[in-house]
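Going down the list, the sequences are from chains Y and C.
Yeah, the first sequence ends on 114 if you go by the numbering used here, and it's all consecutive.
Yeah, the second sequence ends on 349 if you go by the numbering used here, and it's all consecutive.
We treat Cβ as the ideally placed atom computed from N, Cα and C, and that holds for glycine.
Computed from a prediction, not measured in an experiment: that's the story for all the values here.
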Amino acid sequence: MNKTNKELMGASTAVLILGILAKAPSYGYEIVKRANEESENLFVWQEGTIYPVLHKLEKDDQVHSRWEESESGRKRKYYYITARGREKLREGALAWKGFYQVVLKLAEEPNA
Amino acid sequence: MPDNLSSETSEKIRALCRKISVANNIDEEIQEELYSHMEDKFLGYLSGEEKITEDDAFILVREHFGDPEHIRFLMKEVHKVDTQISFFRKLGAIYIATSAVDLFSGYINKLFQLALVWMFNVQHIRDTIGSFYCASVFLSAIIFISILGFIVHRWKMNSEKGIRNWFDVLNPFIFIGLVLFFIISPAINSIFWSGRGIAAPIFDLLLKSGVGFSKSGPNYFVENLMQVQAYISGFFSEALICMIWLWWFDRPVKRNLSILIGFMSWLFFSDPIGYFLQDIRRIFFFIYQHEGFQGIATQIDKLNIFNPLNFIHHFIWFSIGLISVLFYMLIVMIHERLNKQPKPELIS
């Protein structure tokens, strides 16, 4: 992953996690897997680094968690998005949309 | 995906998780969560469900290939003749470097003293406060260590890159000549050269009669502080020179043992022996001049080239230089003895 991707990734992790959780509750390993699949491996996360973000979101009441047992019998900590989380996701998505449009507008070549 | 890990792997993963410790009251839960993630990942790899990226593949290759440092060590053992500089070349090179840097820092020391004399408008350095002298000692110690450390660093970097250093390609006769020059030179010109081993010429200005360190006066505190600093810098510079020598001979200087040996070298050898030999010199002066202890240093300039005491004086310094080299080598050997490690096997 190049530097730009890394920087974008750092700034967008929380929004991406909220986006994934908005579709369905999930646990750390699956969140990373889904992010990788949906981004077609554009973003490659250092997997351990999502936990501090998840815990921060939980402290900020944007997600809440619960230990659940999987089909295989192993326990996993599932994260659920809260109403506040959804609100933050909307704000984040709007901010990124605005940012994306500005970048595109400025980056476009005049004669292109 | 397989359902379970072996207990051995499970324990390894748990140990990894335990390294991420935050606070006693929440660690257990955090570690459980991290463990379940790593467990999933591990089982995913085993079942083939988890795709291996280029980065993952690189990690695997690196891990399976082995520690590059270890392999480098083994390679060097196999290609000993091609890669290793002979012990005597290494010894000669570090001796030349130490002597040359000693000479250079000696010049800087004297120039700095001259500058101070000029700046403060005093006639002779020994007429002035001792702090001038001490400051210059401190400065030359810093210069000495920095330059010698830099040189050894450069040599080691070159060796690692496969670039041959000058002492490795120099004609053996020229090389031996250089070593001999630095060994013999202190004894050649006994009037205009001074200091330990080989050192800077003495400027006339600095060698007039005068007092030593002042023992009172308005700057009493500062002067004594500077003197303490000069002694400390002597202590550190000797210890650091020993450590640089150890480093040059591939002994890990960052180990506690190396540091201890470096400092012990100063404690038991360098300065005590140096001072002992100086005292012999002082006794000679005392007998010859019939003057008190404080007057001895001021008599040097009264001696001329025909006075045998000058040669004795420089012979003593010359001996200190040689004994120092032997001592540094002894340190290297003791270090090697204490750190003897079994050679790694070719296949681990």
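Counting only Cβ pairs nearer than 7 Å, list the residues of chain Y close to D41 of chain C. Y31
So, is A97 of chain Y buried or exposed, given that buried needs 16 or more other C-beta atoms within 10 angstroms? exposed
Along chain C, which residues have their Cβ under 9 Å away from the Cβ of R78 of chain Y? Contact annotation for R78 of chain Y against chain C: E34, S37, H38 and D41 [CB-CB distance below 9 Å, chain order].
Between which two residues does the beta strand (DSSP E) holding I83 of chain Y run? K77 to I83
Using a 10 Å radius around the Cβ and a threshold of 16 neighbouring Cβ atoms, would you call G49 of chain C buried or exposed? exposed
Beta-bridge partners of H66 of chain Y, as assigned by DSSP: Y:Y82
Of all the residues that make up the stretch 51 to 63 of chain Y, which are near chain C by a beta-carbon distance shorter than 7 Å? Y53
Tell me whether the beta-carbon of V65 of chain Y lies closer than 9 Å to the beta-carbon of G87 of chain Y. yes
Report the three-state DSSP secondary structure of M3 of chain Y (helix, strand or coil). Note that M3 of chain Y scores a pLDDT of 48, beneath 50, so its modelled location is shaky; the value from the coordinates is reported in the next line. Of the three classes helix, strand and coil, the one that applies to M3 of chain Y here is coil, per DSSP.
Per-residue contacts from E111 of chain Y into chain C (C-beta, under 8 Å): Chain C residues near E111 of chain Y: none, gap ~32 Å exceeds 8 Å.
9 Å Cβ cut-off: residues of chain C touching E49 of chain Y: H38, M39 and K42
Which of the three DSSP states, helix, strand or coil, is assigned to S160 of chain C? If DSSP states are grouped into helix, strand and coil, S160 of chain C belongs with the helices.
Measure the Cβ-Cβ separation of F176 of chain C and R90 of chain C and say whether it is below 9 Å. Cβ distance < 9 Å, so F176 of chain C and R90 of chain C count as in contact.
Is the Cβ of I95 of chain C closer than 9 Å to any Cβ of chain Y? no
The ligand NAD heavy atoms versus the CB of R155 of chain C: any closer than 8 Å? For the ligand NAD, the structure offers nothing, since it holds no ligand at all.
What did DSSP end up calling E33 of chain C once you bin it into helix, strand or coil? helix
Within this structure, are the beta carbons of L149 of chain C and A116 of chain C separated by less than 9 Å? no
Figure out for me which residue from Y:A95, Y:E70 and Y:E111 has the closest Cα to the Cα of L18 of chain Y. With distances taken between Cα atoms, L18 of chain Y lies closest to Y:A95.
Within the continuous alpha helix (DSSP H) that includes D56 of chain C, where are the two ends? E55 to F66
Of all Cβ atoms in chain A, is any one closer than 9 Å to the Cβ of I14 of chain C? The question asks about chain A, but that chain is absent: this structure's protein chains are Y and C.
Three-state secondary structure (DSSP) of S14 of chain Y: Three-state DSSP puts S14 of chain Y in a helix.
Are S106 of chain C and F145 of chain C close, meaning C-beta to C-beta below 9 Å? yes
Counting contacts by CB-CB distance shorter than 9 Å, is I21 of chain C in contact with chain Y? yes
Element boundaries [alpha helix (DSSP H), containing P27 of chain Y]: From DSSP, P27 of chain Y is part of no alpha helix (DSSP H); its letter is neither H nor E.
Between I31 of chain C and chain Y, is any beta-carbon pair separated by less than 9 Å? Chain Y contact via Cβ: present.
Output yes or no for whether 9 Å exceeds the beta carbon distance between L20 of chain Y and L44 of chain Y. Cβ distance not < 9 Å, so L20 of chain Y and L44 of chain Y don't count as in contact.
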